[in-house]
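A.B. asks: Structure provided below as structure tokens; questions to follow.
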Amino acid sequence: MTNEPAFGRAALLACATLTLSLSAVAGDRGYDDDDHYDRNDRGDKNSSYDPAYNVCRGVDPRCYHDWAAGEREGNRVLIYSRTAGPRHANLGPRLAAGLNPALGAGNVMQNALKSWLEQEGIEVDWTEDVTRLSNLHRYKAVIFASTTRDTLQAHGRAIDPTLAVNTSTSAHLDAAKTALRQYIRAGGGFVGIHNAFGTEYNWPWYEGLLGNANYYDHGANQDGMVKIVSRGDSSTAGLPKTWPFRDEWYNLEPFPTRVKFLATVDESTLATRRTVHPGHGDFHPVTWCQYYDGGRSWVTTLGHDGAAFTDGSGFPGQPQFKQMVVNGIKSAMGLTPFCTGGR
4 MTNEPAFGRA ALLACATLTL SLSAVAGDRG YDDDDHYDRN DRGDKNSSYD
54 PAYNVCRGVD PRCYHDWAAG EREGNRVLIY SRTAGPRHAN LGPRLAAGLN
104 PALGAGNVMQ NALKSWLEQE GIEVDWTEDV TRLSNLHRYK AVIFASTTRD
154 TLQAHGRAID PTLAVNTSTS AHLDAAKTAL RQYIRAGGGF VGIHNAFGTE
204 YNWPWYEGLL GNANYYDHGA NQDGMVKIVS RGDSSTAGLP KTWPFRDEWY
254 NLEPFPTRVK FLATVDESTL ATRRTVHPGH GDFHPVTWCQ YYDGGRSWVT
304 TLGHDGAAFT DGSGFPGQPQ FKQMVVNGIK SAMGLTPFCT GGR
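Heads up: the sequence shown at position 26 corresponds to 29 in the working numbering, and the numbers run straight through without jumps.
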């Protein structure tokens, strides 16, 4: 016999009932076959339903549904590189408004991604104009190329308070967030490169899109050794088991869960592991994939240096990085199998 008041017992009973209900829902949406999960997965293996983000996510293909398949225009992608905070040097000068503005020699990352994908027969659009993210269903993938901070907020747009409820005005300053979420929910492909992890910090849904992960800090820009931990995936197939690279080696908080880990960095090869964060020890992921809320998400923390996007630069691991990024984009587009394969 307990001494807690009746309302306390009622609350406990309600919580227990809710837990059982959620378990039942999770069981309906998920599965128990651990063989579908990579052995590095540190998340809950009993369900593909994630109550933290209220989405179906993980490596179960049943989380994917291409509701907007009829709206896709061939093999077309959009590169989005708007920065609402610090800007990586490899992005070069800010781009003019509109779709497909002129690219200069300094726009190294955008030029490289465009060239690499066009060599694969993929059509490429690019923009830093947030108003162009209104209907994304025409694209098989949207690539966030080192975006920063609240990149999907339409900053500086005047609002007449008397018209704020009129949706035909510019009052909806985060319309791009709605567009991205609806795009993913309808089967879109998302690719996040490098500082896509320094983006939309205060939007939980986006953090889930990154794999329940976000940027915390990094050590020096330095040489390290990348290790492929899932060589059977289409984005890592053909890559050597280990290869050199130079980057900032982002530390993550929170740590990704329910994802297919593809590549890590061997922290023992780094001279400086962190600034404040204690590091990730013997398992420091740099690339992974997942199904998320109806769509596909392939992300990598790599890509700090412009030379990594410059063919023939002699940058350590540049050909391997290029191969992984291009194949990752193709898998997010659905051109190759997505987030599959053993070690």
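We put the CB at the ideal spot given by N, CA and C, even for glycine.
Going along the chain, which residues of its own chain have a beta-carbon closer than 7 Å to the beta-carbon of Y253, five neighbours each way excluded?
C.D. replies: Residue numbering aside, residue 253 sits at position 250 when the sequence shown is read from its first letter. The residues are F200, Y218, H221 and T304.
A.B. asks: Look up H287 in the DSSP assignment and say whether it is helix, strand or coil.
C.D. replies: Along the sequence shown, one-based indexing puts residue 287 at 284. In the structure shown, H287 sits in a strand (DSSP, three-state: E or B).
A.B. asks: Quick check: the Cα distance between E76 and L155, rounded to an integer number of angstroms?
C.D. replies: The residue labelled residue 76 in the question sits at position 73 within the sequence shown. The residue labelled residue 155 in the question sits at position 152 within the sequence shown. About 23 Å.
A.B. asks: Going by alpha carbons, who is nearest to D69 out of L136, A144, D177 and E203?
C.D. replies: Here residue 69 refers to the residue found at position 66 of the sequence shown. For the residues L136, A144, D177 and E203, the minimum Cα distance to D69 belongs to A144.
A.B. asks: Residues in its own chain within less than 8 Å of R184 by CB, not counting five upstream and five downstream?
C.D. replies: For the purposes of this step, residue 184 is identified with residue 181 of the sequence shown, where counting begins at 1. Taken in chain order, the residues that qualify are W208 and D296.
A.B. asks: Out of G282, W129 and A72, which has the shortest C-alpha to C-alpha gap to R97?
C.D. replies: As a first step, residue 97 is located in the sequence shown; it is residue number 94 there, counting from the start. With distances taken between Cα atoms, R97 lies closest to W129.
A.B. asks: Does DSSP classify C66 as helix, strand or coil?
C.D. replies: Taking the first residue of the sequence shown as position 1, residue 66 is located at position 63. Three-state DSSP puts C66 in a helix.
A.B. asks: Using 10 angstroms around the beta-carbon of G317, count the other beta-carbons present and answer buried if the total reaches 16, otherwise exposed.
C.D. replies: Translated into the one-based positions of the sequence shown, residue 317 becomes position 314. That one is exposed.
A.B. asks: What does a CB cutoff of less than 6 Å around Y34 pick up in its chain, not counting 5 residues either side in sequence?
C.D. replies: Position 31 of the sequence shown, counted from the first residue, corresponds to residue 34. Only weak support is given to the placement of Y34: the predicted model assigns it a pLDDT of 28, under 50, and the question is left unresolved by the model.
A.B. asks: Just to check my reading of the structure: S237 and N103 have Cβ atoms closer than 8 Å, yes? What is that Cβ distance to the nearest angstrom?
C.D. replies: As a first step, residue 237 is located in the sequence shown; it is residue number 234 there, counting from the start. As a first step, residue 103 is located in the sequence shown; it is residue number 100 there, counting from the start. Contact flag wrong, Cβ pair sits at about 28 Å.
A.B. asks: Which residue comes first and which comes last in the beta strand (DSSP E) that contains R299?
C.D. replies: Numbered from 1 along the sequence shown, position 296 holds the residue referred to as residue 299. Looking at the DSSP string, the run of the beta strand (DSSP E) that includes R299 is G298 to T303.
A.B. asks: Could you tell me the alpha carbon to alpha carbon distance between G95 and V232, rounded to whole angstroms?
C.D. replies: Reading the sequence shown from its first residue, position 92 is the one you call residue 95. Reading the sequence shown from its first residue, position 229 is the one you call residue 232. So the alpha carbons of these two residues sit roughly 33 Å apart.
A.B. asks: Taking the alpha helix (DSSP H) that Y219 falls in, what are its first and last residues?
C.D. replies: Against the sequence shown, residue 219 aligns to sequence position 216. Careful: Y219 lies outside any alpha helix (DSSP H), inside the beta strand (DSSP E) at Y218 to D220.
A.B. asks: Could you pull the start and end residues of the beta strand (DSSP E) that L183 belongs to?
C.D. replies: Walking along the sequence shown from the start, residue 183 turns up at place 180. From DSSP, L183 is part of no beta strand (DSSP E) but of the alpha helix (DSSP H) over A178 to R188.
A.B. asks: Using CA atoms only, rank isn't needed, just tell me which of Q326, V62 and R299 is closest to G191.
C.D. replies: Taking the sequence shown and counting its residues from 1, one reaches residue 191 at position 188. Nearest of Q326, V62 and R299 to G191, Cα basis: R299.
A.B. asks: List the whole-angstrom C-beta distance separating K216 from P257, where the pair is believed to meet the contact cut-off of C-beta under 8 Å.
C.D. replies: For the purposes of this step, residue 216 is taken as residue 213 along the sequence shown, with counting starting at 1. For the purposes of this step, residue 257 is taken as residue 254 along the sequence shown, with counting starting at 1. Lys is not the amino acid found at residue 216; the sequence shown has Ala there. Between P257 and A216 the Cβ distance is about 6 Å, and since that is below 8 Å, they are a contact.
A.B. asks: Helix, strand or coil: which one does DSSP assign to P104?
C.D. replies: What you label residue 104 is simply residue 101 of the sequence shown in a count that begins at 1. Coil.
A.B. asks: DSSP on A266, reduced to helix/strand/coil?
C.D. replies: Within the sequence shown, numbered from 1, the residue matching residue 266 stands at position 263. Looking at A266 - three-state DSSP - the assignment turns out to be strand.
A.B. asks: Thinking just about the alpha-carbon of each residue, which of W291, F286 and R188 is nearest to the one in N57?
C.D. replies: Your numbering for residue 57 matches position 54 in the sequence shown. Checking every option, the nearest Cα to that of N57 belongs to R188.
A.B. asks: Taking all protein chains shown into account, decide if G284 is buried (16 or more other Cβ within 10 angstroms of its Cβ) or exposed.
C.D. replies: Along the sequence shown, one-based indexing puts residue 284 at 281. Burial call: exposed.
A.B. asks: Taking the continuous alpha helix (DSSP H) assigned at W208, which residues delimit it?
C.D. replies: Position 205 of the sequence shown, counted from the start, is the residue given in the question as residue 208. Residues P207 to L212.
A.B. asks: For G73, is the classification buried or exposed, using 16 other Cβ atoms within 10 angstroms of its Cβ as the cut-off for buried?
C.D. replies: By one-based count along the sequence shown, residue 73 stands at place 70. Classification of G73: exposed, given that the 10 Å Cβ count is below 16.
A.B. asks: Measure the beta-carbon distance from G306 to S149 and round it to whole angstroms, keeping in mind my assumption that it falls under 8 Å.
C.D. replies: Here residue 306 corresponds to residue number 303 of the sequence shown, with the count starting at 1. Here residue 149 corresponds to residue number 146 of the sequence shown, with the count starting at 1. About 7 Å; that satisfies the 8 Å criterion.
A.B. asks: Taking Cβ positions, are P89 and Y294 nearer each other than 8 Å?
C.D. replies: Within the sequence shown, residue 89 is the residue found at index 86, counting from 1. Within the sequence shown, residue 294 is the residue found at index 291, counting from 1. No, the Cβ-Cβ distance between P89 and Y294 is not below 8 Å.
A.B. asks: Count the other C-beta atoms from every protein chain shown that fall within 10 angstroms of the C-beta of N114, then say buried if there are 16 or more, exposed otherwise.
C.D. replies: The residue given as residue 114 occupies position 111 in the sequence shown. Burial call: buried.
A.B. asks: Is it right to say V194 is buried, meaning 16 or more other beta carbons lie within 10 angstroms of its own, or is it exposed?
C.D. replies: Taking the sequence shown and counting its residues from 1, the one referred to as residue 194 is at position 191. So V194 ends up on the buried side.
A.B. asks: Could you give the DSSP three-state label for W252: helix, strand or coil?
C.D. replies: Reading the sequence shown from its first residue, position 249 is the one you call residue 252. It is coil, neither helix nor strand.
A.B. asks: Which same chain residues, not among the five before or five after C342, have their C-beta less than 6 Å away from its C-beta?
C.D. replies: Residue mapping note: residue 342 aligns to position 339 of the sequence shown, counting from 1. Around C342: V62, K263 and C292.
A.B. asks: Bridge partners for W129 per DSSP, in chain order?
C.D. replies: The residue you call residue 129 lines up with position 126 of the sequence shown. Paired residue(s): I82.
A.B. asks: Write down the C-beta distance between T1 and P288 rounded to the nearest angstrom, noting that I regard them as a contact closer than 8 Å.
C.D. replies: Outside the displayed span of the chain (4 to 346) sits residue 1, for which this structure offers no information.
A.B. asks: Which residue or residues does DSSP assign as beta-bridge partners of A148?
C.D. replies: In the sequence shown, residue 148 corresponds to position 145, counting from 1. BP columns for A148 point to I196.
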